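Encoded as structure tokens, the structure appears first; notes follow it.
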Amino acid sequence: MGRVTKKKKSQAPSLETFLKPAAGVALAMLIYYFMQGLSKEIPRIDVNDALALREVFFGEGAAQKDYAVLCHPEAKDGSVGIPVSSVFQDSFDDGSAPADYVLMDCEHILPESGKSIYDKFKLNKKKRPTVFVSGKVGPPKQVPEKHLKTGAMLTKLLKQMLEPHAAKIEKTKDLKEKCLNKEVCGLLLKGGKPEPYVKHAVANLLGTYPSVQFASIDSTVLFLTNLEEYLPEYTAGEHRFVVFKKVSGGLSAGD
């Protein structure tokens, strides 16, 4: 008969086995909160400074900047105050959008109108976070809620709104208003779908010549009445680029 093998008693895992993963999770959480604390502080606009407000609202002054503004009440009586929206903070920390991020107490009553900033610019305070874009781009315009789900979504919208881009010409009125009435306009007449190198070239021009208005038109579907005879002849698949300079006066949309 063979020997009966004695089963070895299984030992319970040591407490250290559980502690190591737990310690790793705790360390990761500490690092996360530490990094959160390192986020740069977003400057606050002094609502009692009329010149600063006009700069933010309308882009007046030498700065000529665009602003992303979060309506955020100022802490009073030494209290900590409510935290800044994580969406706004994440977009600010990203730093790639062409805007200055600031906080503003939109409950402030403007002396000249007797209205709060919310009421003056028709901002819906029930939509949180309440964020608007203003400055060089124009007076305050509220950012829709659908773009405020993440910091990345807000950053993407700000880039679309504020980065220079070529105006799209779809009718004669567009051509006159968006191109021919400008001091200088560079017009790309597309002979088909633009190749990547064409898009890259236009993007470079937009960045290099910010004072020039650039526009594009699809020559496969639109014909420039009274202008085609002065332009290089249309060939399918080939793009044309012309520059217009206004000599005097302007063109009305009905001309």
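Those letters in the sequence shown? Residues 13 to 267, per our numbering, in order. C-beta: ideal position from N, C-alpha, C; glycine also. All values derive from a computational prediction rather than experimental measurement.
Q) What span of residues does the beta strand (DSSP E) with Tyr-113 cover, start to end? A) First-last of the beta strand (DSSP E) with Tyr-113: 112-116.
Q: Would you tell me roughly how many angstroms separate the C-alpha atoms of Arg-140 and Val-155, rounded to the nearest one?
A: Each residue's alpha carbon lies about 10 Å from the other.
Q. From Glu-157, Phe-253, Ala-87, pick the residue whose C-alpha is nearest to that of Ala-178; which is it?
A. The shortest Cα separation from Ala-178 among Glu-157, Phe-253, Ala-87 belongs to Phe-253.
Q) If we ignore side chains and look at the alpha-carbon of each, how far apart do Pro-208 and Glu-53 end up? A) The straight-line gap from Cα to Cα measures roughly 39 Å.
Q. CB-CB under 7 Å to Ala-87, same chain, minus the five flanking residues each way: which ones, in chain order?
A. Only residues of its own chain outside the window of five on either side were considered, and among them Gly-93 have a CB closer than 7 Å to the CB of Ala-87, listed in chain order.
(Q) Using a Cβ-Cβ cutoff of less than 6 Å, which residues in the same chain neighbour Leu-115 once the five nearest sequence positions on both sides are dropped? (A) In chain order, Ile-54, Arg-56, Leu-82, His-84 place their CB closer than 6 Å to the CB of Leu-115, counting only its own chain and leaving out the 5 sequence neighbours on each side.
Q) Would you say Lys-134 and Asp-78 are within 7 Å of each other, going by their C-beta atoms? A) Contact flag unset, no.
Q: Report all residues from its chain with a CB closer than 6 Å to the CB of Lys-258; omit the five preceding and five following residues, and keep chain order.
A: Around Lys-258: Glu-195.
(Q) I'd like the list of long-range same chain contacts for Ser-103, defined as Cβ closer than 8 Å, with 5 residues on each side in sequence excluded. (A) Result list for Ser-103: Ala-80, Ala-109, Tyr-113, Gly-163, Ala-164, Leu-166, Thr-167, Leu-170, in chain order.
Q: State the DSSP-derived secondary structure class of Gly-249, mapped to helix, strand or coil.
A: Coil at Gly-249, not helix or strand.
Q | 7 Å Cβ cutoff met for Lys-190 and Ala-248 | A | Their beta carbons are not under 7 Å apart, which means Lys-190 does not touch Ala-248 by this criterion.
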